[in-house]
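Structure first, then comments.
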Amino acid sequence: YTLLGYATYLQSQFDVALGWLEQASNLSKQRQDYCWQATISRQQGDVFTDKGQTAQALAAYQQALAISRTLNDRVGTARTLHNLGRLHEKSGNLDAAMRFHKDSLQLVQQLGLKPSEAVGMNSIGIIYKIKEQFDEATH
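When you read off a place in the sequence shown, starting at 1, and then add 1117, the result is the number in our numbering.
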């Protein structure tokens, strides 16, 4: 179900994607697969973000973050922090976006995840560009 949800999300079929992800979520809850539940919640947050449903996206990401932290899943935590940054950026809350992106970047640097570090640095640079703080973007 999760792959079907992701595939339909990539095709911008957001409501269909949410249906598949809801089925996947129910299954993961039945199986008490909390790691998978965090992934599904994060994907639901992505769909809600792209639909412009900020409150639902925030709730999904907060659930994913709580689960990831409980499981001590540092990669899942970093991904969710990044996604929260993306949500706040899209909502125009650039200060919150910056905090989430910096927290995510710090974590991926600790983990040595170079591709994720590059994504995080790019996200921070974009926010500095939007805020016209060009000197900050180069540091």
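Every residue gets a Cβ at the ideal spot worked out from N, C-alpha and C, and that includes glycine.
For the alpha helix (DSSP H) that residue 1191 lies in, which residues bound it at each end?
-> In the DSSP assignment, residue 1191 falls within the alpha helix (DSSP H) that extends over 1191-1207.
Would you identify the three-state DSSP class for residue 1240, choosing helix, strand or coil?
-> The DSSP-derived three-state label of residue 1240 is helix.
Under 8 Å, do residue 1122 and residue 1138 count as touching if we go by C-beta distance?
-> Taking 8 Å as the Cβ cut-off, residue 1122 and residue 1138 qualify as a contacting pair.
For residue 1234, the nearest candidate out of 1252, 1183, 1184, 1219 (CA to CA) = Ranking 1252, 1183, 1184, 1219 by Cα distance to residue 1234 puts 1219 first.
Euclidean distance between Cα positions of residue 1154 and residue 1212 | 29 Å
Could you check what DSSP says for residue 1123 in three-state terms: helix, strand or coil?
-> helix
Would you give the residue range spanned by the alpha helix (DSSP H) that residue 1178 belongs to?
-> 1171-1187
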